[in-house]
Structure formats: C-alpha cells, structure tokens
Amino acid sequence: QSFAVLVNGFVCKDPKDVKAEDFFLAAKLDMPRDTKANKVGSNVTLINVMRIPGLNTLGISLARIDYAPLGENPPHTHPRATEILTVLEGTLYVGFVTSNPDNKFLSKVLNKGDVFVFPEGLVHFQFNPNPYKPAVAIAALSSQNPGAITIANAVFGSKPAISDDVLAKAFQVEKKTVDWLQAQFWADNQN
Ligand SMILES: *[C@@H]1O[C@H](CO)[C@@H](O)[C@H](O)[C@H]1NC(C)=O
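Take the sequence shown: its letters are residues 1 to 191, numbered as in full-length UniProt numbering.
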C-alpha cells in the first residue's frame, strides 16, 4: 500500500510491525572503499533513511568517507544537515565558507582523532594532502536525509546544461571556458 504523504522521504511504519532489522545495517563500515572509481579520489558511503528505515524522522545519519592520496571530497553542501566529522586515519585539510556577504573561509588541517564541524547549508570540502597515504573519516549528519549538492556538478554538470551566457556572466569568464567545463564528466563520489 502506498500513500501520497511523505515524511522527508518516507511514511512511518506501524509501530507494532517494527523489527530490530529496521534499525540495522550490515554496512561493513570497517572496510576501505574504492577511491579510484572517480576523478576526485574519494568515496562517500552514506547511511541514511534510504538504507536504515528506522532513521525516519530521527534527524541523524552517518557516512564513511575514504580519500585516496591527494583525493578530495569536493566543495558541496548539505541542504538539511550540519555535519560533524572525525578523522580515523591520515590527515585532512578541511574548510567551509560562510554565507553572503562575508564569505569568510575557515579552514584547518586535521590529524587522526581530530573533529571538525561543517554548519548546515555551507559550502565545504575535505582534501587529503598526503601524496602517499590514504585517509578515512566518519561523519555524522543532523538529518536522516541530509541531501548533498556538489557545486561543480550542479553548476557545470546539470542536465540539461545551464546556458553558457548565464554561467559566463556569473563566473566572469569567457563562454568557451564555460563550454569546456560543461564538457567535462562530473562524476558523483557518493554511493
Ligand atoms: C566506492 O567503492 C565501492 C567499492 O568499495 C565501489 O563499488 C563504488 O563504485 C565506489 N563508488 C564511487 C562513487 O566511487
């Protein structure tokens, strides 16, 4: 049976039908992910309400993020969540930019065990500056369905493409630069 009403994605299950499995996932989050499958060199494994139905309405989710040497999780935002990230292995150069008009850039180099917060909706990234060693982080997000908007993919990789007149003016570059960017393959790094 399906309903027209959605609660940030899903209808709640009748409590009498709820099982432990609704709150469980054998996610193998202890295992490294493949960071060579995309050009940015990172792999985000997001455990949200789509993967654990019991998260519905609870306002929380989790991600494991693997970074190749020199890999990054490129500038993106979560429209519905603040994120708190901890480094399990390696080093990460991280940062976020505050909203208009200041657009203040706050950044930090994190080592194993360090924790950093990315406030809701702000553009942020993580970069592994080590050319030899991978890095791993675990992030918690304050929504069961945080959403993600990768800036480059949304702006230059939209389907259909945004007019190059619009983007040339917005970025103050020539149209052929926009055309080149739009011709690139903007791969997603999230599973
Ligand atoms: C992430 O890694 C898994 C294997 O660990 C791989 O199957 C998947 O394609 C990778 N995803 C991305 C988006 O790179």
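All residues carry an ideal CB built from backbone N, CA and C; glycine is no exception.
Source: prediction; values computed, not measured.
Helix, strand or coil for residue i? Go by DSSP, reduced to three states.
i: Gln172; result: coil
i: Asn73; result: strand
i: Ile65; result: strand
i: Thr177; result: helix
i: Asn111; result: strand
i: Ile47; result: strand
i: Ile149; result: strand
i: Val136; result: strand
i: Phe23; result: helix
i: Lys106; result: Correcting the residue type first, residue 106 is Leu in the shown sequence and not Lys. Of the three classes helix, strand and coil, the one that applies to Leu106 here is strand, per DSSP.
Once the 5 residues before and after residue i are set aside, which same chain residues still bring their CB inside 8 Å of it?
i: Glu72; result: Val40, Gly41, Ser42, Phe125, Gln126, Phe127, Asn128
i: Ile151; result: Pro74, Pro75, His76, Thr77, Val123
i: Val136; result: Pro32, Arg64, Ile65, Asp66, Tyr67, Val87, Leu88, Glu89, Gly90
What do you get for residue i, buried or exposed, if any count of 16 or more other CB atoms within 10 angstroms of its CB means buried?
i: Phe24; result: exposed
i: Asn111; result: exposed
Within its chain, find whatever has a CB closer than 6 Å to the CB of residue i; leave out the 5 residues flanking it on each side and keep chain order.
i: Asp114; result: Val87
i: Ala62; result: What sits at residue 62 in the sequence shown is Leu, not Ala. Ile47, Ala140.
i: Lys175; result: Asp164, Ala168
Thinking residue i and residue j are a contact (beta carbons under 8 Å), I'd like their distance in whole angstroms, please.
i: Gln182; j: Ala148; result: Not confirmed; about 21 Å, so no contact.
i: Pro53; j: Phe118; result: Actually they are not in contact, since the Cβ atoms of Pro53 and Phe118 sit about 26 Å apart, beyond 8 Å.
i: Val44; j: Asn189; result: 6 Å
i: Tyr132; j: Pro79; result: Their Cβ separation, rounded to whole angstroms, is 35 Å, which puts Tyr132 and Pro79 out of contact at 8 Å.
i: Ala187; j: Asn38; result: 4 Å
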